[in-house]
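**Student:** In my numbering, the protein residues as written are 7 to 165.
Here it is, the structure in full.
As structure tokens, this is what we get:
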């Protein structure tokens, strides 16, 4: 019966990741006031870099909020928590859909690569029973947090 063990392990890892993100402040909240995000299916924003930055930072803030919700959902709805992790992955992958600025796209690509690596390692760790995956997830989240800070600094005009 590896299925239930993997699901419980996935839930535990998701909880650990959520606690690391929310408890340690690894994904900082942007200093700008969040704005309404547009659906991922929207066409690229014709606005300037500042407008695109505001939109991306608002979505990153919403994603960080949902990452925090993963831990809350685990207690009452573990399958919902796992579904939310999947939704977060999709939204991280869709960050570039409303951006045309090459410099901003580069930074978004770094965030996407970090998230994809984190998720791939977590899945592999769960499948193999590798308990060190939680520690690696913490390290990966710290690196991801650094990438988010770099995005915020870029959008604020400080390289």
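Yeah, the Cβ is synthetic: ideal placement off N, Cα and C, and Gly gets one too.
Is the beta carbon of residue 131 closer than 9 Å to that of residue 1?
**Tutor:** Not covered by the structure: residue 1. The range shown for the chain is 7 to 165.
**Student:** Going by the CB atoms, is the gap between residue 105 and residue 158 shorter than 9 Å?
**Tutor:** No, these two residues do not count as a Cβ contact at 9 Å.
**Student:** For residue 156, which residues in the same chain have their Cβ closer than 8 Å to its Cβ, ignoring the five residues on either side in sequence?
**Tutor:** Excluding residues within five positions, the ones whose Cβ falls inside 8 Å are 113 and 116.
**Student:** Return the CA-CA distance between residue 128 and residue 65, expressed in angstroms with no decimal places.
**Tutor:** Their Cα atoms are separated by approximately 23 Å.
**Student:** How far does the alpha helix (DSSP H) with residue 92 in it reach, from first residue to last?
**Tutor:** Looking at the DSSP string, the run of the alpha helix (DSSP H) that includes residue 92 is 84–99.
**Student:** Could you pull the start and end residues of the alpha helix (DSSP H) that residue 131 belongs to?
**Tutor:** Per DSSP, residue 131 belongs to the alpha helix (DSSP H) from 108–134.
**Student:** Which same chain residues end up closer than 8 Å to residue 123 when comparing Cβ atoms and leaving out the 5 residues on each side of it in sequence?
**Tutor:** Excluding sequence neighbours, residue 123 sits near 146.
**Student:** Just how far apart, CA to CA, sit residue 118 and residue 82?
**Tutor:** If I take the Cα positions, the gap works out to 29 Å.
**Student:** Given that a residue counts as buried once 16 or more other Cβ atoms are within 10 Å of its Cβ, and exposed if not, what is residue 96?
**Tutor:** Counting Cβ neighbours within 10 Å, residue 96 comes out exposed, since fewer than 16 surround it.
**Student:** Measuring CA to CA, which of 150, 125 and 87 is closest to residue 77?
**Tutor:** Residue 87 is the option with its Cα nearest to residue 77.
**Student:** Can you grab the Cα-Cα spacing for the pair residue 142 / residue 148, in whole Å?
**Tutor:** Those two C-alpha atoms are separated by around 10 Å.
**Student:** Less than 8 Å between C-beta atoms, sequence neighbours within five positions excluded: which residues of the same chain meet that for residue 111?
**Tutor:** These residues qualify, in order along the chain: 102 and 105.
**Student:** By how many angstroms is the C-alpha of residue 72 removed from the C-alpha of residue 90?
**Tutor:** Taking the straight line from one Cα to the other gives about 7 Å.
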